[in-house]
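In the numbering used here, the protein residues as written are 6 to 264. No residue lacks a Cβ here, since even glycine has one placed at the ideal position from N, Cα and C. Nothing here was measured: the structure is a model prediction, and the numbers come from that model.
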């Protein structure tokens, strides 16, 4: 006598179909996105972050009533130590800034005085620009600050990009969430939107002049726009940069401010 069990037979038939369907979906996701969000953000960090760096830069602050042009040279070690000296214009030449951890000292040669700021004050405008002191002098890895998801793929500025959504996983961040367009081939952010915890857009950034520097791709020019400020933004351009250079330890001392 044969037992009839069509339900069992159907289930046995359906299981491999379900399994195959799941495999196809997984492969399709891999084809669409290429790799995980964490992998993408780690590759962005490999391009943008370094043990130390020495660079010369210019800032063109485009205000409502005119522009202001500034030149400076910066020495940075990780994200906890940074020293910047202003070279131009003459009125700002010799101004120096030293950042250690979350404390910043600013020396003004015109008054021969040093002032100190710390904590949330580091998020104030740097010399009237659309950058903050923190953005100018910090090199913290994104993977240390944010958890990340892939939203989609999209083309901007003629380049295919992963659109990433970043949400803070630590307290001490200036922007609670970010939306980032990352070049799928070079793993450099081409555009970023920075938001408050309430979801309000605070600032956007656009990268230009992406160059190969050693083994990394790096944006040599970034346009910043603080949406809370008047004006047309700030063009920040690196004119020369060297990664992983030896930096004399004494440069990261308060004594170096008056040298």
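Output the boundary residues of the beta strand (DSSP E) element that contains residue i.
i	result
residue 102	101-105
residue 148	Unbroken run through residue 148 is the alpha helix (DSSP H), 147-150; no beta strand (DSSP E).
residue 199	194-200
residue 165	164-173
residue 177	First-last for residue 177: undefined, no H or E at that position.
residue 191	Careful: residue 191 lies outside any beta strand (DSSP E) and carries neither H nor E.
residue 227	221-231
Considering only residues of the same chain and omitting the five flanking positions on each side of residue i, which have a CB-CB separation below 7 Å?
i	result
residue 113	100
residue 52	192, 193, 221, 222, 223
residue 134	64, 66, 239
residue 90	77, 78, 101
Determine the DSSP secondary structure at residue i, reduced to helix, strand or coil.
i	result
residue 113	strand
residue 260	helix
residue 94	coil
residue 131	coil
residue 245	strand
residue 71	strand
residue 253	coil
residue 124	helix
residue 154	strand
residue 78	strand
residue 235	coil
Report yes if the C-beta distance between residue i and residue j is below 8 Å; otherwise report no.
i	j	result
residue 228	residue 238	yes
residue 150	residue 75	no
residue 129	residue 137	yes
residue 257	residue 86	yes
residue 45	residue 207	no
Could you check where the alpha helix (DSSP H) with residue i kicks off and where it finishes?
i	result
residue 46	42-53
residue 141	138-142
Take residue i and list the residues in its own chain whose beta-carbon comes closer than 6 Å to its own, dropping the five residues that flank it on each side.
i	result
residue 144	54, 81, 84
residue 165	189
residue 106	85
residue 121	110
Residues in the same chain with beta-carbon distance under 8 Å from residue i, minus the five sequence neighbours each way, listed in chain order, please.
i	result
residue 218	246, 248
residue 67	236, 237, 238, 239, 240
residue 261	88, 101, 103, 255
residue 50	146, 147, 148
Exercise. Below 8 Å, can you find three or more Cβ-Cβ pairs linking the region 248-256 to the region 51-67?
Worked result: yes
Exercise. Does the region 208-216 come close enough to the region 103-121 that 3 or more CB-CB pairs lie under 8 Å?
Worked result: The region 103-121 is not in contact with the region 208-216.
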